[in-house]
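Remarks on the structure that follows.
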Amino acid sequence: MSNQNPNDPLFQPLNMGGLTLPNRVLMSPLTRSRSSQPGDIPNDMNARYYQQRASAGLILSEATQISPQGKGYAFTPGIHSQDQIDGWKKVTDAVHSAGGRIHMQLWHVGRISHPELQPDGNQPVAPSAIKPEGAKTFISADSGMVDVPEPRALETHEMAGIVEQYRQGALNAQKAGFDGVEVHAANGYLLDQFLKSGSNHRTDEYGGSLENRLRLPLMVIQAVIDVWGKDKVGVRIGPTGSFNAMHDDNPIETFGAFAKHLNDLGIAYLEVVEDSFQGNHANGRPEEVIAAIRTVYKGTYIANGAYTAEEARRRISEGRCDLVTFGRPFIANPDLPERFRENAPLNEWDDSTFYGGGEHGYTDYPTLEELETNA
Ligand code: PHB
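In terms of the working numbering, the sequence shown has 211 at position 211, counting the first letter as 1, and numbering is strictly consecutive.
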């Protein structure tokens, strides 16, 4: 007997920017650090991993560097070389052939990097020369986690080049066969560094006032819209996150204003990290900030917050969100929507295999069907 409920909020289809999402169970962008070296190139194993998860309402790719300067961790994939475009094409073909949909998450890490990872051993760049205290990265398989050093503040004349990196990344994502893109403006990476007052002390038109802090992120989003069209572009924000040493003095004001701009741009969706990466929120009161964003942003709203299926159902039913992204449960359960639909037990994740390595802890988590066959 099936446990399926035809009115299950997680299984009501949703049309978003011309894509019909068959369910509300989305796969979060998840760094897995398994691209081929040298060159940070997506490979057949990566294609298998994404294909296994094609039943997601929508897959958001792992964060993908738009340029060599945008790289912050060893083994993360890029979208700035022809080999990377060809590698991602294998991924999008695999997902599409399994009936799925996938957006690419466009990433520039800003100050969360290291000279060892930067072209010519350069200093990483940021809005201001402020070291993110306690932030770590890894630079090689044997380095372990290392401290992120003080970055160099970008010159005003370099902003056009940053926008150009995103425009080229967006164009390359199109060549690689994605269904759309998500601009990563959360979790302490470059655009979040511009948005938040703690990391942006600039005195030119890209910092200081609220409107100035929003300027570069909005220029980037407009450039990506110019490539893809507004209904294929989503944005991820993390208004209250403290991961990567982030702080904003007034997240209600900052993210209320940003969300209003995004609403007026008419983008496909806004994805909000409602707690923070790995749950370490600190600044402001999330529910108040979320409410402020919801008041001004009328488009499709995706919630991310380590929710259970039951919490996700409730939040959708209460109109708090339209869709929910799931991270760690999707790592361990390639058939997560099916398990939610059946109220079936979940595989547990193994956090020792999140970053780097091979098939183990990546493509070898069993589906329900495989568990039953082998029982
Ligand atoms: C990470 O690689 O640790 C990472 C990447 C992107 C995020 C958060 C964490 O948004």
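We put the CB at the ideal spot given by N, CA and C, even for glycine.
Query, Result
"Integer-rounded CB distance, given that residue 216 should sit under 8 angstroms from residue 145", "In fact, because the Cβ distance is near 29 angstroms, the residues do not count as touching under 8 angstroms."
"Close beta carbons around residue 1, own chain, < 7 angstroms, minus the five adjacent residues each side", "Only weak support exists for where residue 1 lies, its pLDDT of 41 falling under 50; the coordinates are left without a value."
"Near ligand 2: residue 209 beta-carbon under 8 angstroms from a heavy atom", "Ligand 2 is not among the ligands present in this structure, which contains only ligand 1."
"Neighbour-count burial assignment, residue 364, 16 or more Cβ in a 10 Å radius", "exposed"
"Those runs of the beta strand (DSSP E) which lie wholly inside the segment 258 to 331 and span at least 3 residues", "269 to 273, 300 to 304, 323 to 326"
"Three-pair Cβ contact test at 8 angstroms for the segment 49 to 63 versus the segment 102 to 109", "yes"
"Residue 356: CB within 8 angstroms of a non-hydrogen atom of ligand 1", "no"
"First through last residue of the alpha helix (DSSP H) which encompasses residue 352", "Segment: none, residue 352 is in no alpha helix (DSSP H) and carries neither H nor E."
"Residues near residue 40 in its chain [Cβ-Cβ closer than 6 angstroms; skip 5 each side]", "77, 78"
"9 angstroms Cβ cutoff met for residue 190 and residue 221", "no"
"Selection from 117, 152, 130, 151 that minimises the alpha carbon distance to residue 138", "117"
"Short CB-CB distance (under 9 angstroms) between residue 164 and chain C", "Protein chain content of the structure displayed is limited to a single chain, and chain C is not contained in it."
"Assigned exposure category for residue 175 - 16 Cβ within 10 Å defines buried", "exposed"
"Beta-carbon proximity check, residue 135 vs residue 152, cutoff 9 angstroms", "no"
"Boundaries (first-last residue) of the beta strand (DSSP E) holding residue 16", "14 to 16"
"Span separating the alpha-carbon of residue 230 from that of residue 372", "44 angstroms"
"Under 9 angstroms between C-beta atoms of residue 325 and residue 26", "yes"
"Closest Cα partner of residue 185 within the set 37, 124, 262, 333", "262"
"At least three beta-carbon pairs within less than 8 angstroms, the segment 81 to 100 to the segment 200 to 207", "no"
"Residue 72 Cβ short of 8 angstroms to ligand 1 heavy atom set", "yes"
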